[in-house]
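As you go down the protein sequences, you meet chains W and L in turn. For the first sequence, position 68 matches number 183 in my numbering, and the numbering has no gaps at all. For the second sequence, position 50 matches number 165 in my numbering, and the numbering has no gaps at all. Backbone N, C-alpha and C define an ideal beta-carbon position, used for all residues, glycine too. Single-structure report; data block below.
Number of protein chains: 2
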Amino acid sequence: MSTGTRRFPTQAELGIWRDYLETGEAVRTEMAARLHEASGLSTGDYAVLLALSEAPGQRLRSSELAATIGWERSRVSHHLGRMEKRGLIRREECATDNRGAEVVLAPDGLAAFQGATRPHLRDIREIFVDALTPAQLEAAGEIAAALRAHLARE
Amino acid sequence: MSTGTRRFPTQAELGIWRDYLETGEAVRTEMAARLHEASGLSTGDYAVLLALSEAPGQRLRSSELAATIGWERSRVSHHLGRMEKRGLIRREECATDNRGAEVVLAPDGLAAFQGATRPHLRDIREIFVDALTPAQLEAAGEIAAALRAHLARE
DNA sequence: TGGGCATAATTGACACGTCAATCAGCTTGA
DNA sequence: TCAAGCTGATTGACGTGTCAATTATGCCCA
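If you want it as structure tokens, here you go:
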């Protein structure tokens, strides 16, 4: 006989939560380490370069880039500053809006991205896809969708 | 007819991977924001305080703390430095090993931890447990276990 | 037309994390 | 016993992330 709405998670639920958190952490860390090892790029670098490489003219307004990869704009600014210092991207003034900046994929950035992509895709398969059965993979997608939908609804 | 071992993930697999990553990110961010809002503690602070609160005498050697929460020792050092400045913990010399440091839960730390715990557990239920069906929750646990086992085997 | 507001992007301050180097104290074997 | 090496912990440098403030430009309408 329950007292109504349960207030706190059970031990089993807490254990799953902790597993979920810690596993995600471990997976991301391993992924980042392999990417950096193979290419010298961080996962942030890769996200930026991927977005630029797919953009028309391999250039994007800074705010479009932020929207594409889902980052805050100040985060983008800081990250682009670091990437610019390393010669991976360039920033140019925007012709149509003098406030704006256009981010351009630099040759070194393109080369690094191209060199990183195959190993990165292989790592995704090795670390994530190959670890799960097809049913688990499908379930992972549904769980992510459910969590997102729930978060958005709060 | 396949050519043998598939080298790269399919688009569907990549999509699930991206959902997995981004959702984990969003969930952690929301969790951290709520915890900080409610208590002024970061998730790192909370992990440290939880470990200390469960330790005999509410004290731990720095390296035991690192092992308990699974952090690198330099990360622990840096974090303890910040927490000590805020009066959440104290560091004392270790009687049995002059190299060692003992980390002690300070009164302010205990109070912050106690104030944080109920809202934090409620948030875990609201953000995670309530978002999933019982079957999904179970599947989440199994997926985490599979990923961890696979990672450990690599 | 020009003052007020919105928007694009950057900056500074600070928290967090990793890596490599460092320091001090413990341990041990010729 | 004492030099060499191991271990516990800290530090510094730097990359990363957030928030709040700032700068500069565009836009709108009284």
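* Pick from L:Pro234, L:Ala267, L:Glu128 and L:Ile204 that is closest to L:Leu175, judged by C-alpha positions -> On the second sequence, residue 175 of chain L is found 60 positions in, with the first residue counted as 1. Measuring from the Cα of L:Leu175, the nearest candidate turns out to be L:Ile204.
* To do: Could you name the residues of the same chain whose beta carbon sits closer than 8 Å to that of L:Leu225, not counting the 5 residues immediately before and after it, in chain order?
  => Along the second sequence, read from residue 1 onward, the residue named residue 225 of chain L stands at position 110. Once the five neighbours on either side are set aside, the close Cβ partners of L:Leu225 are Leu164, Ser168 and Gln173.
* Of the residues W:Glu152, W:Asp223 and W:Phe243, the one placed nearest L:Thr125, counting alpha carbons only -> Translated into positions along the second sequence, residue 125 of chain L becomes position 10. Residue W:Phe243 is the option with its Cα nearest to L:Thr125.
* To do: Give me the Cα-Cα distance between W:Ala261 and L:Ala246, rounded to the nearest whole angstrom.
  => Within the first sequence, residue 261 of chain W is the residue found at index 146, counting from 1. Within the second sequence, residue 246 of chain L is the residue found at index 131, counting from 1. Looking at the two C-alpha atoms, the distance is approximately 6 Å.
* Nearest to W:Glu217 by alpha carbon, out of W:Asp238, W:Leu266 and W:Ser192? -> Counting from one through the first sequence, the residue named residue 217 of chain W turns up at place 102. For W:Glu217, the nearest C-alpha among the options comes from W:Ser192.
* Compare the beta carbon distance of L:Pro222 and L:Ala153 with 8 Å and say whether it is the shorter of the two. => In the second sequence, residue 222 of chain L corresponds to position 107, counting from 1. In the second sequence, residue 153 of chain L corresponds to position 38, counting from 1. Not closer than 8 Å, so no.
* Using a beta-carbon distance below 8 Å, is W:Thr138 in contact with chain L? -> For the purposes of this step, residue 138 of chain W is taken as the residue at position 23 of the first sequence. Chain L contact via Cβ: present.
* To do: Go ahead and pull the three-state DSSP assignment for L:Ala246.
  => On the second sequence, residue 246 of chain L is found 131 positions in, with the first residue counted as 1. Helix at L:Ala246.
* Name the chain L residues whose beta carbon is nearer than 9 Å to that of W:His265? -> Within the first sequence, the letter at position 150 stands for residue 265 of chain W. Those are Glu241, Ile242, Phe243, Asp245, Ala246 and Leu247, listed as they occur along chain L.
* Looking at the unbroken alpha helix (DSSP H) that takes in L:Glu199, where does it start and where does it end? -> Start at 1 with the first residue of the second sequence, and residue 199 of chain L comes out as number 84. Arg188 to Lys200 is the extent of the alpha helix (DSSP H) around L:Glu199.
* To do: Count the other CB atoms, across all protein chains shown, that sit within 10 Å of the CB of L:Arg268; report buried if there are 16 or more and exposed otherwise.
  => To locate residue 268 of chain L, count along the second sequence from 1; it is residue 153. So L:Arg268 counts as exposed.
* Give me the Cα-Cα distance between L:Glu257 and L:Ala250, rounded to the nearest whole angstrom. => Taking the second sequence and counting its residues from 1, one reaches residue 257 of chain L at position 142. Taking the second sequence and counting its residues from 1, one reaches residue 250 of chain L at position 135. Spanning the two alpha carbons is a distance of roughly 11 Å.
* Identify which residue in L:Thr183, L:Met198, L:Ser178 and L:Glu199 has its Cα closest to the Cα of L:Ser189. => Taking the first residue of the second sequence as position 1, residue 189 of chain L is located at position 74. Of the candidates L:Thr183, L:Met198, L:Ser178 and L:Glu199, the one whose C-alpha sits nearest the C-alpha of L:Ser189 is L:Ser178.
* Is it buried or exposed for L:Arg240, if we count other Cβ within 10 angstroms and need 16 for buried? -> Your numbering for residue 240 of chain L matches position 125 in the second sequence. Per the 10 Å Cβ criterion, buried.
* Taking the C-alpha atoms as reference points, what is the distance between W:Cys209 and W:Gln229? -> One-based indexing of the first sequence puts residue 209 of chain W at position 94. One-based indexing of the first sequence puts residue 229 of chain W at position 114. Using only the alpha carbons, I get a separation of about 26 Å.
* Asked: Which residues mark the beginning and the end of the alpha helix (DSSP H) in which W:Arg205 is found?
  -> On the first sequence, position 90 is the one that residue 205 of chain W refers to. Element bounds for W:Arg205: not the alpha helix (DSSP H) but the beta strand (DSSP E), Ile204 to Glu208.
* Asked: Looking at the C-beta of W:Val303, does it have a partner C-beta in chain L at a distance below 8 Å?
  -> As shown, chain W starts at 116 and ends at 269. That puts residue 303 of chain W outside it, with no answer to give.
* Member of L:Arg197, L:Asp134 and L:Ala170 whose CA lies at the smallest distance from the CA of W:Ala264 -> Counting from one through the first sequence, the residue named residue 264 of chain W turns up at place 149. W:Ala264 has its Cα closest to that of L:Asp134, out of L:Arg197, L:Asp134 and L:Ala170.
* Asked: Just the Cα atoms here: how many angstroms apart are W:Thr144 and W:His151?
  -> For the purposes of this step, residue 144 of chain W is taken as the residue at position 29 of the first sequence. For the purposes of this step, residue 151 of chain W is taken as the residue at position 36 of the first sequence. C-alpha separation (whole angstroms): 11 Å.
* Where DSSP assigns a beta bridge to W:Leu220, which residues make up the other side? -> The residue given as residue 220 of chain W occupies position 105 in the first sequence. DSSP lists W:Ile204 as partners of W:Leu220.
* Would you mind reading off the limits of the alpha helix (DSSP H) that contains W:Leu150? => By 1-based counting over the first sequence, the position of residue 150 of chain W is 35. Start and end: Gln126 to Ser154.
* Looking at C-alpha atoms only, which residue of W:Trp132, W:Glu253, W:Ile184 and W:Glu140 is the closest neighbour of W:Asp160? -> Reading the first sequence from its first residue, position 45 is the one you call residue 160 of chain W. Of the candidates W:Trp132, W:Glu253, W:Ile184 and W:Glu140, the one whose C-alpha sits nearest the C-alpha of W:Asp160 is W:Ile184.
* Asked: Does DSSP classify W:Ser117 as helix, strand or coil?
  -> For the purposes of this step, residue 117 of chain W is taken as the residue at position 2 of the first sequence. Residue confidence is low: W:Ser117 scores 48 on pLDDT, short of 50, so the model does not pin down where it sits. Its coordinate-derived value is still stated next. Here W:Ser117 sits in coil by DSSP.
* **Length of the line joining the Cα atoms of W:Gly119 and W:Glu187** => Reading the first sequence from its first residue, position 4 is the one you call residue 119 of chain W. Reading the first sequence from its first residue, position 72 is the one you call residue 187 of chain W. Low per-residue confidence applies at W:Gly119: pLDDT is 49, beneath 50, and the placement is therefore not dependable enough to give any value.
* To do: Step through the CB atoms of chain L and report whether any lies within less than 8 Å of the CB of W:Asp134.
  => For the purposes of this step, residue 134 of chain W is identified with residue 19 of the first sequence, where counting begins at 1. Judged by the 8 Å Cβ criterion, W:Asp134 is in contact with chain L.
* Roughly how many angstroms lie between the CA atoms of W:Met146 and W:Arg201, to the nearest whole one? -> Taking the first sequence and counting its residues from 1, one reaches residue 146 of chain W at position 31. Taking the first sequence and counting its residues from 1, one reaches residue 201 of chain W at position 86. C-alpha separation (whole angstroms): 22 Å.
* To do: Count the other CB atoms, across all protein chains shown, that sit within 10 Å of the CB of L:Thr138; report buried if there are 16 or more and exposed otherwise.
  => For the purposes of this step, residue 138 of chain L is taken as the residue at position 23 of the second sequence. Looking at its Cβ environment, which holds 16 or more other Cβ atoms inside 10 Å, L:Thr138 is buried.
* Which of helix, strand or coil does DSSP assign to L:Arg237? -> Residue mapping note: residue 237 of chain L aligns to position 122 of the second sequence, counting from 1. Helix.
* **Proximal residues, the region 121-132 of chain W versus chain L, C-beta separation under 9 Å** => Arg121, Arg122, Phe123, Pro124, Thr125, Ala127, Glu128, Leu129, Gly130, Ile131 and Trp132
* To do: Assuming L:Leu266 and W:Ala141 form a contact by the criterion Cβ under 8 Å, report the distance between their Cβ atoms to the nearest whole angstrom.
  => By 1-based counting over the second sequence, the position of residue 266 of chain L is 151. By 1-based counting over the first sequence, the position of residue 141 of chain W is 26. Sure, about 6 Å apart at Cβ, within 8 Å.
* Asked: What's the gap between the Cα of W:Ala254 and the Cα of W:Thr211?
  -> The residue labelled residue 254 of chain W in the question sits at position 139 within the first sequence. The residue labelled residue 211 of chain W in the question sits at position 96 within the first sequence. Cα-Cα distance, rounded: 46 Å.
* Asked: Alpha carbon to alpha carbon, how far is L:Asp238 from L:Arg149?
  -> As a working mapping, residue 238 of chain L is identified with position 123 in the second sequence. As a working mapping, residue 149 of chain L is identified with position 34 in the second sequence. When rounded, the distance between both Cα atoms is 8 Å.
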